[in-house]
Every structure is written in C-alpha cells, then in structure tokens.
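In what follows, a single structure is set out as structure tokens and then discussed.
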Amino acid sequence: MPRRHRGGTRRSAASVLLRSESLEPRLLLAGDTLQGDFNGDGLVNAADYSVWRDTLGAQVVPLSGADHSGDGRVGSEDYEAWRDNYGAQASHSHATHSLSHQAEIDAALSLVPVGDATHTVVASGNWRDDSVWLGGVKPTAGARVVVPSGLTLTVDSVIAEDIFSLRLDGTLTFATDIDTQLRVETLVSTAASRLVMGTKYSPIEPQVTASIVITDNGAIDRAYDPTALSRGLILMGSTEIHGAVKTSWSAVRAVDAPRAGDTTLTLDGAPTGWRVGDQLAIAGTKYEVTDNPFDEGESELVLPTGEETAVISLISGNTVVLTEPLQYDHTPPASDLAIHVANTTRNAFIRSEGEAVDRRGHLMLMHNRDAHLAYAGFYQLGRTDKSVLPDPAQLDDQGRLIPGTGTNVQGRYSVHFHKHGVAARPAASTVTGSALIGTPGWGYVNHSSHVDFVDNVSFDVFGAGFYTEAGDEIGSFVDNLAIKSHGTGLAPNAFEGEDFGHSGDGFWFQGASGLTIRGNVASGATGSGIIIYGVEFPVDDEQSEIPFLAENLPDPSLANGAEQLPVGVTWLTEVRDNVAYSSGTGFQVWYHRTPLTTDFATMPEQLIHFGWDLPSSVIENTTVWNSDTGVKALYNLDVHYRNVRVVNDSSLVGKTGFDASNVYNLSSHIYENLDIEGFQVGVNPSPNGRVTIDGGRFANRTDIYLGVPRQDHRRLDIIGDVRFDRLVSGSPLSVGRQNLVASNDTRIFEDSSPHFFLYYDQIILNYGEYTGQQLYREEQQASVVPIPQQPEVVFPEGANNLIPSEYIGLTNAQLQSIYGASFGGVVPPDGANDAAADGIVGLVGSQSVGPTALLPQILLGSDAIIAETLAGVRNATPFATNSIPDLMATTRGEEQRLSAHADLRSVFVDVDHSTAELAFTAESSDPSVVMPLINPDGTIDLSIPSNASGVAEVRVVAIDPDESEATTRFTVRVESMAAPHAQAPATRVAFSQFKGAEARAAHAPSRREEIASASRSREADLLLLAAMSENTLTRHGHLGTADVSDGRAPDLDATDVAIELLDTTEGSFLRYAF
15 MPRRHRGGTR
25 RSAASVLLRS
35 ESLEPRLLLA
45 GDTLQGDFNG
55 DGLVNAADYS
65 VWRDTLGAQV
75 VPLSGADHSG
85 DGRVGSEDYE
95 AWRDNYGAQA
105 SHSHATHSLS
115 HQAEIDAALS
125 LVPVGDATHT
135 VVASGNWRDD
145 SVWLGGVKPT
155 AGARVVVPSG
165 LTLTVDSVIA
175 EDIFSLRLDG
185 TLTFATDIDT
195 QLRVETLVST
205 AASRLVMGTK
215 YSPIEPQVTA
225 SIVITDNGAI
235 DRAYDPTALS
245 RGLILMGSTE
255 IHGAVKTSWS
265 AVRAVDAPRA
275 GDTTLTLDGA
285 PTGWRVGDQL
295 AIAGTKYEVT
305 DNPFDEGESE
315 LVLPTGEETA
325 VISLISGNTV
335 VLTEPLQYDH
345 TPPASDLAIH
355 VANTTRNAFI
365 RSEGEAVDRR
375 GHLMLMHNRD
385 AHLAYAGFYQ
395 LGRTDKSVLP
405 DPAQLDDQGR
415 LIPGTGTNVQ
425 GRYSVHFHKH
435 GVAARPAAST
445 VTGSALIGTP
455 GWGYVNHSSH
465 VDFVDNVSFD
475 VFGAGFYTEA
485 GDEIGSFVDN
495 LAIKSHGTGL
505 APNAFEGEDF
515 GHSGDGFWFQ
525 GASGLTIRGN
535 VASGATGSGI
545 IIYGVEFPVD
555 DEQSEIPFLA
565 ENLPDPSLAN
575 GAEQLPVGVT
585 WLTEVRDNVA
595 YSSGTGFQVW
605 YHRTPLTTDF
615 ATMPEQLIHF
625 GWDLPSSVIE
635 NTTVWNSDTG
645 VKALYNLDVH
655 YRNVRVVNDS
665 SLVGKTGFDA
675 SNVYNLSSHI
685 YENLDIEGFQ
695 VGVNPSPNGR
705 VTIDGGRFAN
715 RTDIYLGVPR
725 QDHRRLDIIG
735 DVRFDRLVSG
745 SPLSVGRQNL
755 VASNDTRIFE
765 DSSPHFFLYY
775 DQIILNYGEY
785 TGQQLYREEQ
795 QASVVPIPQQ
805 PEVVFPEGAN
815 NLIPSEYIGL
825 TNAQLQSIYG
835 ASFGGVVPPD
845 GANDAAADGI
855 VGLVGSQSVG
865 PTALLPQILL
875 GSDAIIAETL
885 AGVRNATPFA
895 TNSIPDLMAT
905 TRGEEQRLSA
915 HADLRSVFVD
925 VDHSTAELAF
935 TAESSDPSVV
945 MPLINPDGTI
955 DLSIPSNASG
965 VAEVRVVAID
975 PDESEATTRF
985 TVRVESMAAP
995 HAQAPATRVA
1005 FSQFKGAEAR
1015 AAHAPSRREE
1025 IASASRSREA
1035 DLLLLAAMSE
1045 NTLTRHGHLG
1055 TADVSDGRAP
1065 DLDATDVAIE
1075 LLDTTEGSFL
1085 RYAF
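Count along the sequence shown from 1, add 14, and you get the number used in this note's numbering.
So this is what it looks like as structure tokens:
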C-alpha cells in the first residue's frame, strides 16, 4: 500500500470507483410514465417504497402519490409497479450520477445470496426462541442468516455467536429494556426491510446498551468479496437507531478554563443524560510546528496539542468531577472565548472488533432516505485509509481481483450516506446527538444525499470528521463538534486526481451551496478546522462533473429554467456562527465561483446570464483562535466576509490572520469588521479586482499588507471604523510594528503575468484622518527603477513568466513615456508624502488620474468574435452604443472553454462611449466578423478608456473548430474601475505575433482602405494594431500600429510603417509598407 508523499503515483479519479458502479442506469425516454416513481424525483428507489408503505390502503385521487395503477387505492398492484421498475430512471431525472444504482444493489446482494443461507427465520419472534428458526435450530458460529420479507426478528439478549452474514428482507429490532448485542461480520438490508435499534418514541433505555459488533475473522476473503464491500453494514432499507437522549457537547468558558492538575470541569450549563463512567474528550488549545513526515520533511506540519480524554466519576448540575487529574492547560486567549468538551459515550452503538485498519467494519446507508440515527455511537469504524494513497480494486474479465490492487478501496467510511439522491423531496435523513470515535478516513459522510447533521461529535479522526463528497449534496451541518482531526497537513489539492480530505479537517464541504453550515466547532485539525472546497467531483471515465440541481438554490428562478448547473457558479446558502481553534488553518475557502474550475462552455442556454447577477456569498460571525493561519481564501470570487474574529495568545505567533493573497482571487471581496490579533500579518487582501476593507480592529506586527497584483488591476478601499490597537506588553510582534504596508515585492510566481508590475493598483484611504486619499508604493516614484534586474523566480514554473527585457532598467518616468504605464500603473502626484508616522509604509497623496484600464489577459485559442446582438441581455443595452458588443475573446481549444487569469466580469470592451475612443468597435451585426489577434504567449491585451464607467454585459460565443456556427453562448459583465477624467489618454490595443486560428494574406493591402477591409475578413487579418491618439499610424515599441476602430480607413500620415500578416501557406511573415 503506497504511503502518501507529494508527487506520488496516482490513478485517475474515476478508477477509485467500484467496478460495479461503472454501469449506466436504465433510462426511460422523455414522456414515458415512470411507474413506481411515487415521490416524483425521476428515480425508482427505496424512497418510493417508503411512500407506498406509509400510504398502503389509503383511498387517494387516482394517479396521485403511490397509486400508479389509477384505481384510487394504494394496493399490491402499486407495489408491483415499484418492484418491477426498481432502479429505473427518467431521462429528465434529477438523479445526478451516471453510475447504476442497480449495479450497486447487485454488488451488495451478491454478498448474501438467499441460497447460501444456513439459518432462516420462519416466524416473527425473539432470537432466543427456537420456534423462530427453520427446523428449530438457532444460528451457530459462522451462520449465514436470512430474515425474509414480512417477518420480524428481535435481538433480545447478548448473542454470543459470531454470525458470518445476515440478509435482512424483513425487520430486525433490538429490545429496548435489556442489554442486547449482535455480533456479525456483514449485514445487508434490502430496500423493503427495516432495521430498528430504538425509536424516537421508544429509545434504548439509559440503563442498558444495544450494540452491533462487526467481527474480525481475519483478512477479508477477496475471492468472495473482490471489492472489499463486506465486513460492515450495507443498509438499503429503512434504518432507525435511537439511544438515550444526551447532551452531546458543552462549553467551558474562559473564566472556568481547566488547567493541568484540575479534577473538575465547570460546564456552561447542566448537561442532560451524562452518567458516571461516561467518556469525555476535551479540546486542546495549542499547536506546535514540526517537520511534515508526509512531505519527507520538506514542509511544516502544524500539530495541534493538548486534547485529552477523561472519565466522569461524579456529576452535580454543571460540575463534572473526573477520575484522574487533567494533563494539560485548556485556556483560550480571550475572556469571552470557550473550550469544548464532548461526551462520546452512547448506549446504542456500532463498533468494530478488529484494530487493524484493513480489517475494520464500515457503515453504508445506501439509496434510502428513511434513515435516522439519534444519540448513537460509532466506534472504530471505517476502512478507507487517508494516510496512504487510494488503491481501487481492479477486476479481470471474470470479476476476480487483479493481484496487487484494491489495498485501499474508497467508500468504506464510518457513517456513510451513499447516493440517497439530492432532490428536495422526500425529507432528509437525519443524524442527531451522535458520537464517532476513531476512524482512519472520514467520519460522517454525505455523498450525493440529503442529510441533516445536528448536534453530533467526532473525535480522533485521520482525514476529516464531517465530509460532503461530491458537491451536489443538500442538507445541514448545525451545532456539531469535531475534536482532533489529524492528517497529512498538506494542501488540500496536494495529490493528483480527486483525492481530497487527507489534510486533517474538522469539516470538509465539497461545494457547500446546498448546505446550511451553522454553529459548528472544530478543534485540533492539522489541516483546516473548516474548509469549503467548491469543486464538483468527476463521476466517470470521461470526467463528467456532478451538477447542482437548480431547485436546491435559495432562488431557483435565477437559473432561468435550467434544471441543473455547475457547482462552481452557485453561491453559499448559509455559513455563519462557526468556530475553529488549535488548528493549522482555522477556516478555508477554495475554488468558490471561480472560472478556473467551471467549464462555462458546457452551461445550458438558459444559463447564459447565470453566475453574474447572483447574490454574493456571505460568510459571517466566524471565530478562529490559536491557529497558525486564521482564514484562507483561495480562488474566490464575489465573497463577503463579515464579522470575522481571529486571535492568538501571546505565546503563539501565527503567520497570517486572514490570507486572501492568492493570485487567482478575483473581484468583489469585502472584508467587513475583521478583528485580528496576534499574527505576523493581520490581513493580506485579494490582489485583484474590487476589494473593500470595511472597518475592523487589528493588533499584529503588520496589520494590513498590500501585495503587488500579479494578474489583474485592483481597486482597494479601506473605509469605516478601522482601529490599530496596541499589542500585548512584551509581545514579540511589537518589533517592527506597522499598520499598513504597500509592498514592493516583485518576485515572479508560477502564475504571475509578465506585466504584473504595470497593473494599476489603486488603494484609497477613507478611514480616520484620511478622506479619499490614495496610498502609493515608494517604488512608484518617477526616479525609481522598479525592475533593475530580472526578479527572483519563486517557483520553477515562473520562468515562463519572466518580465520582458525591454522593461528592465528603466525608471518609472521612462516607462510612462514609452509605454504609458509604470510600476503600480501611475507615478505618485506632487505632494504625496511619507506616512511612516502613522504606521504606514508608503506615500499618501491625492487620488491619481489612472491610466487606460487594461482588461485581464485572456487565454485565447483562436478567435475574437463580434456577437450578433445584445438584445434581451439584462443590463447591456443601456451601455452599448448600438446594442452590439465590441471586442470579445473566445476559445477554440481542446476543452471548449473560456478561461481568464482574472474576473470573467472583466472581459467586455464597450461601455457608452463614442467609437473613436475604442480600439475595435463593430458597427455591423454580422456575427462572422473575426479579428484573430493574439500574443506569443497565447494571450491578448485589451483596453478601455479610463473614463469608461458603469456596468456592461456582452455575449461571448464559443466556436466549434469543426463547425461554422456558434455552439455556446453566455454573458459576462465588467465594472470599470478607472477614475474618470476630462481627457482620456489614448486607448491602445497592441498585439504581437499571432498564433492559433488560421490567418492568410490574400493580397497586399496597397491602399489604406484595404487595411480596414483586411480587419473584417477571414482571408487577411491584421496582427499588429493599436489605436493611438488623433487616429494616426505610428510606432509603438517594435510594433506597427493602425487604428481600425470604426471600420474605416485611418488617417495615415506616416510613410515608413509596416503591417505584418502571417502567411500560413508559406510559413513566413509578409511585410507591407506604405
């Protein structure tokens, strides 16, 4: 079994699935009646059986509910319709997977064939009653038991015999007033069955226990079970477990913080159901930084410390007396914070007998939402090991395991809700007040299901305590507690494929758009206390991605009639009041609404507007303390972080309180009322787009660090009640204390633009004594040489993004003179002063008159298309001068997708300005107009006048390289952030050597009129173009330039300028002078 290390050999994500899951579902053609689909979700499954069972005998309106026979009564013929069509799926179904439910069912049932039964129930009754069993013989060790449909078997004692397998077609119940236990290696329940271990109205009584022990009979027999699905509970029927009601966890306030040597805990309130002898898990509050063994020591591992277990010896009100003194201090860094204590003892539980990871049991609740677990315990379950790489089972043509494979099969988790469906109805499965201890992978897992997790605890997990797997899940995670979630400590995406949840996370949410995430607490995570990872999971060999159902949006009407949409464009429903501490990173958000992970070219036509007129995602009332990094935001677009508190005590110097410096973070970041204390850097905001810091309190070595944008322009406003508080006396952070730093870091990173240092970075101060003033970097001054030599390349990949040599060694004044831009976009105005006295590193002066607002670099595979019209596109017509968009970029690459280094809302050229001010304005509605213009590195540079303001939308058309017509349309929007001024400088669009789509020189444009016509023709395309002031043809660096902005010939007054066209036939450049 390969151990994890960075760069380990990986198989494709699809290969981790069971072979039996690779089959296609049965589909009915649109318009066919889907018999047996009683709940109308487009899939005939166990949930429909529950509808039939609950309404059996009812008189109903014909053809409603479970009456598919149409006789007005729910009866046996309706059951037959369900039975005969079980597993069928409508072609328009909301079922979101191509994997066959029936194949999964068959795989489970193959473990317990009826024909292999050694002991069969023939009458309802108690296990100990001989008359219940065929031939009057009770099961012996190694028995294969079958409980047929219509019969009920009650576990009425502690059964001593180890049962090899139990197939449940009927009902299995546990007595609630005496100790009971069933020892079984594999239990499979079918769709119409029921497993009941206590109910809401008749729970397992507090003085007794009921349990299922998954036995260890040596290594799993892979001839019998090649995919290692057995050794566990695979439950496809109705399931209910309900132990005695108990308070799952409680807080201990700072004033009562327990310390080493204490033998009592003073809880925040008197708990319910806690008993002498109960096991407690007490959260730690510290961490230490060490070498990471999962990265061969090349990186750090933040290892939480101080968590411990205890046993209750006495309880009185809210005072708990322990059997042994505590070993550690458990003190938070502020008087209004608290630590947390979980009670992990439950009297209705499932546990593994074996300790070896590959011989433990697992619990899979499959295809049936009628599953409710309350006040239950799940101990030492789970067999998927996140400390090593996944190793799926590979089978030969005979269905036999290929030797050397299948050593770490995924999907064998502690509490695994597997593909119940994500339609809003029927009601959710529930897990309430339960406790999970010790798993090598994931704890509570929602996999493409609808589940509500409320008031549960996890402890001592390697991987993740709470997990959503695919991105389409719905339901809630409310008031749960995760303590000690350890893992590799590496970045979430450190390994190839879709191998996530290995870092050590309290809560991992894949997607999270359909979830309510509220009131959760995570402590002791080597990765993240809480992480939202907004990428849907590929589900088949073609890497098709799981969609999100529009009906699960807070406002489904925004999907404009589409039934499904990519997970990557949806927004968060509710994320608030969550707490994380003693962790590597407290709270992380990755890949949220970013175009980098969403294939917009595959979006349905109805979603042409989707993604750009949506509510912002709001993450609010988040508290993080004593963590190496507080909050991280990577690949985020349009997120509002409100009331985020991050604090470390004086003995723990964290790296960054709020780190949003990722170069792929896009526009519309708002940081409202941040409260950050005890870090090297307080907040490092997004380097791109429109960013706002609104109020907040800061007490760090550097409170606000403003890095240099690497991919796009930025307008950052610091507004409101911003306070820079004093540090704790004697704090090591006091040395070099700075409130606001405008960095001059010009190092080259993997994803830096070669022109990043020229991006206009407007930092506006509207707080305290500052009113509308701008912060400039010292290196923006006219006499400074910002790039004296090629900067350091941080990652080897950065060597592809070196700064062009012609910029090196020039002063800012020279850069402005030659290129119209300099470091930071502009030279500071006269009167800009050093503000070191106010704790500011930089110059503060009046607001600048910005340069031409360059749009982001757009990765381009072929053509820039003029779309047909903007008619009907929301918000567009008022801004386009003739309802026709100007210049757009599209892709014609292998993936048929538009991708940008920055905000997709920054792709449009046209706002309401005259065509003379714009570089390429189409006055024709002809959609075939093509201008293939591209840089050598596969990018194009576009610009708009700096006085362009407002919001505009355009339609971007993706062209199929094998077809002549557009195949996909959608809109994007841009908010121009340039400062208006009276005389806009020249708008320039400069292009160097073209590569991509074909461009042929049909003839030499000997007259200037032909230059204009060439730009409108597929036969000859101008490559070196720039619109300059006064519409004159001049030189721009080494480029020939010409203005063809309005489709007419330019007023050429130069005589020695060449236009170059690429002759693909000759493989050379043709040069024409005039």
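Beta carbons: idealized from backbone N, C-alpha and C, even for Gly.
- Between D62 and the set H727, S262, D384, the nearest pair of CA atoms involves D384.
- Looking at the backbone, the Cα of S831 and that of D717 are separated by about 36 Å.
- A residue is called buried once 16 or more other Cβ atoms fall within 10 Å of its Cβ, and Y238, having fewer, is exposed.
- In the DSSP assignment, the residues bridged to L317 are E302.
- Separation of R532 and E588 (C-alpha to C-alpha, rounded to the nearest whole angstrom) is 7 Å.
- Counting along the chain, no beta strand (DSSP E) covers L123; the unbroken alpha helix (DSSP H) around it starts and ends at 115-123.
- Approximately 18 Å separates the beta-carbon atoms of S596 and T358; this is outside 8 Å, ruling out the contact.
- Per DSSP, Y427 lies in no alpha helix (DSSP H) segment and is marked neither H nor E.
- The beta carbon of G734 is closer than 7 Å to those of D708, G709, Y781 in its chain, skipping five residues each way along the sequence.
- Looking at the backbone, the Cα of N687 and that of N679 are separated by about 20 Å.
- With 16 or more other CB atoms across the displayed protein chains lying within 10 angstroms of its CB, S252 is buried.
- Separation of D493 and V593 (C-alpha to C-alpha, rounded to the nearest whole angstrom) is 10 Å.
- G839 is classed as buried because its beta carbon has at least 16 other beta carbons within 10 Å across all chains shown.
- When DSSP states are grouped into helix, strand and coil, Q394 belongs to the coil group.
- Contact annotation: the segment 397-414 does not touch the segment 219-233, with fewer than three C-beta pairs closer than 8 Å.
- For I234, the three-state secondary structure derived from DSSP is coil.
- For V198, same chain residues with a beta-carbon under 6 Å away, outside a window of 5 residues either side, are I177, L180 in chain order.
- In terms of CA proximity to A849, N753 leads the group R439, V436, G515, N753.
- By the criterion of a C-beta distance shorter than 6 Å, T636 is surrounded in its chain by N592, F601, V658, once the five residues flanking it on both sides are discounted.
- If you draw a straight line from the Cα of G435 to the Cα of N99, it is about 17 Å long.
- Counting only the Cα atoms, G503 lies some 10 Å from D305.
- Following the DSSP letters along the chain, one finds N753 inside the beta strand (DSSP E) bounded by residues 752-756.
- Along the segment 706-745, the beta strand (DSSP E) occurs as fully enclosed runs of 3 or more residues at 716-720, 728-738, listed in sequence order.
- Nearest to L529 by alpha-carbon distance, out of A117, A484, A539, is A484.
- In the DSSP assignment, L504 falls outside any beta strand (DSSP E) and carries neither an H nor an E.
- Counting of Cβ neighbours within 10 angstroms places D183 among the buried residues, the total reaching 16 or more.
- One thing to note: F738 has its Cβ no nearer than 8 Å to the Cβ of Q794.
- Under the three-state reduction of DSSP output, E310 falls in the coil class, being neither helix nor strand.
- At a Cβ-Cβ threshold of 8 Å, V135 and V160 count as neighbours.
- According to the DSSP assignment, Y481 belongs to no alpha helix (DSSP H) but to the beta strand (DSSP E) extending over 478-482.
- Distances from the CA of F672 to each of R704, S665, A713 were compared; the closest alpha carbon is that of A713.
- From the listed residues T643, S681, F693, the smallest Cα separation to R704 is found for S681.
- In this model, E338 and T280 are separated by some 16 Å (Cα to Cα).
- DSSP lists Y790, D848 as the bridge partner or partners of L857.
- The beta strand (DSSP E) runs of length 3 or more contained entirely in the segment 612-691 are, from start to end of the chain, 631-639, 643-650, 653-661, 668-673, 683-691.
- In the assembly as shown, R724 is a buried residue. Its beta-carbon has 16 or more other beta-carbons within 10 Å.
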